[in-house]
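Worksheet: one structure, shown below.
There are 4 protein chains.
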Amino acid sequence: MLIVLDAKASIASVKQIQSFLKDHGIESQAHSDLYSQTIVAPNASKKFTISELESFEDVVRAVPITSPYKYASIQGVNAPTVIDIGSIKIGDGSLCIVGGPCAVESKEQLFNIARYVAESGVKLFRAGAYKPRTSPYAFQGLGLEGLALLEKVKKEFSLNIVTECLDNMTFDEVEEVADLIQIGARNMQNFSLLKRAGRSTKPILLKRGNSASLNEWLLAAEYILSEGNSRVILCERGIRTWSDHSRNTLDLSVIPAARKLTHLPIFVDPSHAVGRRDSVLPCARGAVAIGADGLLIETHCQPEQALSDGSQALLQSDFIDLVDQCREIHKLLQGKTTLHLGF
Amino acid sequence: MLIVLDAKASIASVKQIQSFLKDHGIESQAHSDLYSQTIVAPNASKKFTISELESFEDVVRAVPITSPYKYASIQGVNAPTVIDIGSIKIGDGSLCIVGGPCAVESKEQLFNIARYVAESGVKLFRAGAYKPRTSPYAFQGLGLEGLALLEKVKKEFSLNIVTECLDNMTFDEVEEVADLIQIGARNMQNFSLLKRAGRSTKPILLKRGNSASLNEWLLAAEYILSEGNSRVILCERGIRTWSDHSRNTLDLSVIPAARKLTHLPIFVDPSHAVGRRDSVLPCARGAVAIGADGLLIETHCQPEQALSDGSQALLQSDFIDLVDQCREIHKLLQGKTTLHLGF
Amino acid sequence: MLIVLDAKASIASVKQIQSFLKDHGIESQAHSDLYSQTIVAPNASKKFTISELESFEDVVRAVPITSPYKYASIQGVNAPTVIDIGSIKIGDGSLCIVGGPCAVESKEQLFNIARYVAESGVKLFRAGAYKPRTSPYAFQGLGLEGLALLEKVKKEFSLNIVTECLDNMTFDEVEEVADLIQIGARNMQNFSLLKRAGRSTKPILLKRGNSASLNEWLLAAEYILSEGNSRVILCERGIRTWSDHSRNTLDLSVIPAARKLTHLPIFVDPSHAVGRRDSVLPCARGAVAIGADGLLIETHCQPEQALSDGSQALLQSDFIDLVDQCREIHKLLQGKTTLHLGF
Amino acid sequence: MLIVLDAKASIASVKQIQSFLKDHGIESQAHSDLYSQTIVAPNASKKFTISELESFEDVVRAVPITSPYKYASIQGVNAPTVIDIGSIKIGDGSLCIVGGPCAVESKEQLFNIARYVAESGVKLFRAGAYKPRTSPYAFQGLGLEGLALLEKVKKEFSLNIVTECLDNMTFDEVEEVADLIQIGARNMQNFSLLKRAGRSTKPILLKRGNSASLNEWLLAAEYILSEGNSRVILCERGIRTWSDHSRNTLDLSVIPAARKLTHLPIFVDPSHAVGRRDSVLPCARGAVAIGADGLLIETHCQPEQALSDGSQALLQSDFIDLVDQCREIHKLLQGKTTLHLGF
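As given, the protein sequences belong to chains A, B, C and D, one line each in that order.
Taking numbering that gives the first Met the number 0, the leading residue of the first sequence gets 0, the next gets one more, and so forth.
Taking numbering that gives the first Met the number 0, the leading residue of the second sequence gets 0, the next gets one more, and so forth.
Taking numbering that gives the first Met the number 0, the leading residue of the third sequence gets 0, the next gets one more, and so forth.
Taking numbering that gives the first Met the number 0, the leading residue of the fourth sequence gets 0, the next gets one more, and so forth.
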């Protein structure tokens, strides 16, 4: 942390801060000239927030100079993280598409969808057995019964399962079935859940909270990584802004920005971001062109009968079209110069 | 829900939606004239979201016409909810101030602060034993040891304790000590925690999520209320916007807006909202003048030594001053015409 | 407009609104059933805002049912608008790239950049002679002298000139030199300027205000179109949100949303949106893949010497690379099924 | 500006930046230790933006250390600015209330409203002759005819007139009638208009843009002040956020934040901020309690007949009630300790 003091700050103020830092085990150095006084304290950001340091008298500003996360940071890392799920590699430069409905509704629904998802060559299947719903009166998912149906899909269609875990109480049962455990946007700062995910044997798909800064998102990943689970995939799914033409605002430019800071793979979920079927294909293409490692796409055999989020689910034919177009764009861009990689 | 269809929508489209609704147990009525076609389905909002209904062909818009929450709603309620904590009444038109430090740090710190809080006539004491922190490396609270210290404060100073619960695993132990259990902004949509809170014997202080709409906030309260716990206090603590002069943007106008919709008491936490000591007093005064039922104020005997959020904690003298000024404004406004009450 | 009244609203309330509308020349029809009462008034949105109608007693909600703009709307239009600038066509399915520095600084700077822009096959050159600057003390552009230099670039390199007009006083002189007149984000609701632009003989590039909804943006275009100038290009350049990894948040999903509502061409300016050189290439690729008709790209021969916005300007080699990659993506997507076009 | 470089930055990088600064007339000093390298350049912020300085190689961050505005800044100023309008003083610790309708509609309407506004003891009357409207088809104001009617109100009721100017073309005519010229939120960065206002003989009420940071607002004021007009009043009127219970989000905490930076008086316009009649009184009370120097309140004799913004206009009786309550709160707080004043 770089602590900027008022040019007229007394030596006593400077010394007070330095001795406070020392009491907490942090070495620092002071500089001054005619116009400014600064204290450089490289490890202070690990113990104190900016506002805590700015609470001292005469402090004008505290500025982070080192990364607040260790495991999520690109610093000292030589290559992007690659995550294996079955025979699939994620983060190695390939494009990973995940398809399926919002929620598990019935065996028939699941099998109908899984069939065409598998036929399209997609290897990961998504569907929620536990659904976080804004209203206590909305459909909350089939729970254990839903997990059992996902287990059947896995065997019947050789698909890997991506499904959400909502809390620590149901973590074990989700972990048993899922090949990739999703932590949803609303739980991005559910720290107890993040710690449990950090002790999981399965990789974690960590969705960005709808008001989370990039820094907060990487710190949420750090909660998982620092507990020992190194297999984390980030997933952008739209942020909450005043812009009202789509449900959330898809923040695609977070991808190049994140590349500069982290080695973790980044997915995009255009379905939840926009919440409108007709925008999913163009946004998916944009996500691939901008450099996403993967996509989460909602598809449903009968969107108008879906128990949740039917308005954003693609029909079978549109899903196939999306998969094809995205693969073509991805193929075209292989080997192109990219300015945005930190490596 | 009022479902607006394209003026050129076919009768078949209208019939399809009506029979879909009927399959889910919802009666509806259709109207049409030269310029529009509409379907009125009063209970559809309990089963379907707006976007689900907008996913049907020819649907232009779906508009809620009834409240999506039942227990939190002012409809059919004759008086504001009043909550008793010890000898204190909350929501009866009086002003309830809660004071204390951000976190429990030590017995000495706690007693020093509790002493002047109690002397000021404040009856509720706040301090966190479990702290939700953005970084896994920041101070996470003293946990059980912190709860034990709060128990001591309670006995020594006859103060009621307000403290945060972060997860279901520690709910029982927090419930034993707390007189009012806080659910923090990051957990406003941690639905498992809300359900557990709904089965608690203690009242709940539900902070607004930093990107939660008023509707989502009331639906989070509904999760608690619908499980049987009728004692919920809402607490505005700032929302995340691009405005950068304060940590969050204190959304005080949510108070009159909420009064029109709900009978629950509403508190304001100016300390977390602004994150700057010098703005806490004016914002607290504003909150009282706008009609808040209570305030959460951070105060610390030695803010520059605080382990978290020191920059927003008031010194003893400023805290006393704030309590006095807020009480005077509150007293002045007793009995004034207020346009904003739903009652 | 569809006006929803309380189910218990009196007939008098309904009649009062209908006669008020009639006084202002608007015919309406009323419907009622057990659960709701509604008034359908198709042209009310042209005279009244939503909140004006919601101010009547017993009105629960007013909902627009027709488009508030006429000339900008896709309704009744059979094909996208195509705009000719010299030999270039914009909006016909081709990709139009505009390159150049933020500001005109000197003849040498301009010619150096124009040379490689022209060599890359780009036909439109951008540079500001008048610069809107947040601070009165920042470089405000060379003004008339800058326009004269742009005139020279036009002749020397056969490039079409895109340059910004800030106010009505300088409109004539900008109009003389520019082939495409830019109205910047800060001026999107400078209605006097929009009306003047509506009487111009030159096409207008209308940037989206940094807090403008899609609806407000199209209404700003309507100001120009309704004065008689049918040649308007929309340009997304990022919106202001709390997300802090880029200067603004590039809202790419506005493109498919706009396609559903308007026939006007849409450009994207990734340089101003992100404000970071390393994100410009990926975001430009994303914009093309999502369906933009054109791009505005900042490039500078010596970014570190630029008098404004040097941090986002691409070096020559990166600019050439961007042009090549974007053209390849655009070519690949020719003829692909797109779900998002209104036509 | 404090420029933070990578700890591994070469001496050449440091020297390059220093010589670049010197070329532009800015002296700087460099510091380095094991963990950081910094350049202190006190006046760089007057010539370069943060992102321009961050575009140099090896620069990690540029941090302002001095204020970017001179005349608007509290630095070196000993007392708040007090502005005289007729016999009224603004900014001297008194409370200034401005009342009136959104727009001039007719002589009858204006006189009816002016009568009770004057009787309430309010000395400033507001009404727009020129109205900025999102849609070209909405009522745009009576223009010159409206100004003539305001002139009549002024004489008949001895009220001072506050009215908006939209552009440079109509500035002279507005200036002749107005005692306080309003620049609206949409024009906050209409720099030509700001410069003209800076040469006016009348004081200026500068509304905050709906997406303007405090810094940008003060820089907009600086445009006026630096042209020679020292009489500027700031006016908070709500900002655009995703929070949807009110039209805009009233950002009251900007008042104490602004007090720390500027000596200019600050008003609040709760009517436009919330856009709902029932929230205006509580928000006005909040504004006074938080420390506003004045209020802009919309009132109308027949809100349901208003040609614009009727939904937020107060009835006569509610207006009188508001004036009374706000004066009582203001009186109560006279002489109270306030932490938030920069003086």
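The beta carbon of each residue, even a glycine, is placed where N, CA and C say it ideally should be.
Give the residues of chain B in contact with N228/A, contact being defined as C-beta atoms less than 8 Å apart.
-> Near N228/A there are no residues of chain B at all, since even the closest Cβ is about 13 Å away, more than 8 Å.
Extent of the continuous beta strand (DSSP E) to which E235/B belongs | Looking at the DSSP string, the run of the beta strand (DSSP E) that includes E235/B is V231 to E235.
Which residue comes first and which comes last in the alpha helix (DSSP H) that contains Q324/A?
-> Q315 to L332
Please go through the same chain and pick out, in chain order, the residues whose beta-carbon is closer than 7 Å to the beta-carbon of K130/A, but skip the five residues on each side of it.
-> A102, F138, Q139, G140 and S307
Considering only residues of the segment 218–279 of chain C, which uninterrupted alpha helix (DSSP H) runs meet the minimum length of 4 residues and lie entirely inside it, listed in chain order?
-> 253–258 and 269–273
Could you give the C-beta distance for V58/A and R60/D, rounded to a whole number, given that I count them as a contact under 8 Å?
-> About 17 Å separates the two Cβ atoms, so there is no contact after all.
Residue burial classification, A11/A (beta-carbon count within 10 angstroms, cutoff 16) | Exposed, since its Cβ has fewer than 16 Cβ neighbours within 10 Å.
List, in order along the chain, the chain C residues whose C-beta lies closer than 8 Å to that of M168/D?
-> What M168/D touches in chain C: N167 and S191.
Using a beta-carbon distance cut-off of less than 9 Å, what residues from the segment 122–139 of chain C approach chain D?
-> Within the segment 122–139 of chain C, the qualifying residues are P131, R132, T133, S134, P135, Y136, A137, F138 and Q139.
Between the C-alpha atoms of G149/D and T80/D, what's the straight-line distance to the nearest angstrom?
-> Residue 149/D is actually Leu in this sequence, not Gly. Approximately 28 Å, taken between the alpha carbons.
Nearest residue (CA-CA) to I160/D, options A184/D, K14/D and G127/D = G127/D
Contact list for C300/C against chain A, beta-carbon separation under 8 Å | Those within 8 Å of C300/C in chain A number zero; the least Cβ separation is about 18 Å.
CB-CB under 8 Å to V3/C, same chain, minus the five flanking residues each way: which ones, in chain order?
-> Sequence-distant partners of V3/C (beyond 5 residues in either direction) whose C-beta falls short of 8 Å from its own C-beta, in its chain, are S35, Q36, T37, V58, V59, R60, A61 and V62.
Beta-carbon spacing of I296/D, V279/D below 8 Å | The answer is yes: Cβ separation under 8 Å.
Test item: CB-CB of T133/C and L313/D under 8 Å | no
If the cut is a Cβ gap below 7 Å, which residues of chain C does N209/D touch?
-> Those are S210, listed as they occur along chain C.
In whole angstroms, what separates the C-alpha of H244/A from that of D250/C?
-> 10 Å
Would you check if the distance between the CB atom of L123/C and the CB atom of L158/C is smaller than 8 Å?
-> Less than 8 Å divides the Cβ of L123/C from the Cβ of L158/C.
Report yes if the CB atom of R258/A is closer than 8 Å to the CB atom of R236/A, and no otherwise.
-> no
Would you be able to state if there are at least three C-beta pairs under 8 Å between the segment 160–176 of chain B and the segment 193–206 of chain B?
-> yes
Assigned secondary structure, E56/D (DSSP; H/G/I helix, E/B strand, else coil) = coil
Can you tell which of H262/A, V76/A, P67/A and S270/A has its C-alpha closest to the C-alpha of L294/A?
-> S270/A
Look at the Cβ atom of I73/A, then the Cβ atom of T248/A, and state whether they are nearer than 8 Å.
-> no
Verify the CB distance criterion: does Q74/B have a CB-CB separation below 8 Å to chain C?
-> no
Selected residue, minimal CA-CA separation from F110/B, among T298/B, V322/B and S310/B | Looking from the CA of F110/B, the closest CA among T298/B, V322/B and S310/B belongs to T298/B.
Can you give me the Cβ contacts of A283/A inside the same chain, cut-off strictly under 6 Å, excluding the 5 residues immediately before and after it?
-> P269, L294, L321 and C325
Report the residue from Y136/C, S229/C and T240/C whose alpha carbon sits nearest the alpha carbon of S212/A.
-> Each of Y136/C, S229/C and T240/C was checked against the Cα of S212/A, and the nearest Cα belongs to T240/C.
Tell me, please, which residues DSSP counts as bridged to T37/B.
-> V3/B and H30/B
Does DSSP put E104/B in a helix, in a strand, or in coil?
-> In the structure shown, E104/B sits in coil (DSSP, three-state: anything other than H, G, I, E or B).
How long is the line joining the alpha carbons of F266/B and L20/D, rounded to whole angstroms?
-> 51 Å
If we call anything under 8 Å between Cβ atoms a contact, is A246/C one with S50/D?
-> Position check: residue 246/C holds Arg in this sequence, whereas Ala was assumed. For R246/C and S50/D, yes; Cβs fall inside 8 Å.
Which residues, in order along the segment 253–265 of chain A, keep a beta-carbon less than 9 Å from a beta-carbon of chain C?
-> V253, I254, P255, A256, A257, R258, K259 and L260
Opposing strand residues paired with V97/B [DSSP bridges] | L123/B and L295/B
Proximity to A220/B [Cα-Cα], best of V76/B, I254/B and K69/B | Of V76/B, I254/B and K69/B, the residue nearest in Cα terms is K69/B.
For A305/D and I303/B, the rounded distance between their alpha carbons | Just to set this straight, residue 303/B is Glu in the shown sequence, not Ile. Cα to Cα, the separation comes out at about 55 Å.
Rounded Cβ spacing between I238/D and L205/D (contact assumed at less than 8 Å) = Not a contact, Cβ separation roughly 15 Å.
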